[in-house]
Amino acid sequence: MATAPLDALQHLVVALNSAGDAAELAQACASQIHVDRMGFHHERDCVVEVLTGLPQVQQWLARTAPVVQFAIDIRTFQLNGQGAWQVRYVVTAPDDFVGGGLWQLQCDTAGLITYLRHTPDDLALEHWGPAPGQGRDHDHSAH
Numbered sequence: 034m035a036t037a038p039l040d041a042l043q044h045l046v047v048a049l050n051s052a053g054d055a056a057e058l059a060q061a062c063a064s065q066i067h068v069d070r071m072g073f074h075h076e077r078d079c080v081v082e083v084l085t086g087l088p089q090v091q092q093w094l095a096r097t098a099p100v101v102q103f104a105i106d107i108r109t110f111q112l113n114g115q116g117a118w119q120v121r122y123v124v125t126a127p128d129d130f131v132g133g134g135l136w137q138l139q140c141d142t143a144g145l146i147t148y149l150r151h152t153p154d155d156l157a158l159e160h161w162g163p164a165p166g167q168g169r170d171h172d173h174s175a176h
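Shown next, in the form of structure tokens:
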């Protein structure tokens with residue numbers, strides 16, 4: 034099993050769970066990282082947000098409420114052809130919310146993530162909550 038991409042993913046999870054911790058993010062991602070954030074439901078196959086560079090990715094991670102926690106499902110970590118990797122992630126929040134999705138990534142020779150495709154699983158309707166800015170702690174929409 035390749036350890037460099039897995040190490041980068043573990044640093045990414047720590048950054049996610051700490052509002053975009055800059056040191057952890059720098060150990061996970063190349064400075065010019067490119068992220069395609071995919072939608073869910075009717076936007077399932079659509080890129081809803083593109084992030085380029087560590088500052089934009091850090092701002093994205095900082096939008097995650099502290100009560101939301103990410104983890105990777107190590108059992109699903111695998112090579113996905115031509116140097117690309119994939120792993121399923123799990124996200125939890127209060128009130129027994131459990132969700133997840135798929136991360137597909139490419140790394141540079143130093144093992145830092147240069148490309149990340151973030152594809153969330155569809156959310157159950159009860160988890161959609163009010164419109165952005167209307168009391169929801171975590172907004173899945175593009176900003």
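Taken in order, the sequence shown gives residues 34 to 176; the numbers are from our numbering. Note that beta-carbon positions come from the ideal geometry of N, C-alpha and C, so glycine has one too.
Rounded to a whole number of angstroms, what is the C-alpha to C-alpha distance between residue i and residue j?
i	j	result
GLY191	VAL120	The chain is shown from 34 up to 176; residue 191 falls before or after that span and cannot be answered.
LEU45	ARG77	23 Å
ALA104	GLN91	18 Å
TRP136	ASP69	10 Å
ALA59	ALA157	33 Å
HIS74	VAL131	17 Å
DSSP three-state call for residue i: helix, strand or coil?
i	result
ALA61	helix
PRO38	helix
VAL101	coil
TYR126	The residue asked about is misnamed: residue 126 is Ala in this sequence, not Tyr. DSSP places ALA126 in strand when its eight states are reduced to three.
GLN91	helix
GLN43	helix
LEU84	strand
ALA117	strand
LEU145	coil
Just confirm the distance between the C-beta atoms of residue i and residue j, as a whole number of angstroms; I'd bet it's less than 8 Å.
i	j	result
PRO99	ALA52	7 Å
Which residues in the same chain have their Cβ closer than 7 Å to the Cβ of residue i, if we skip the five residues on either side of it in sequence?
i	result
ALA48	ASP54, GLU57, LEU58, ALA61 and LEU94
Please classify residue i: is it buried, with 16 or more other beta-carbons within 10 angstroms of its beta-carbon, or exposed?
i	result
PRO38	buried
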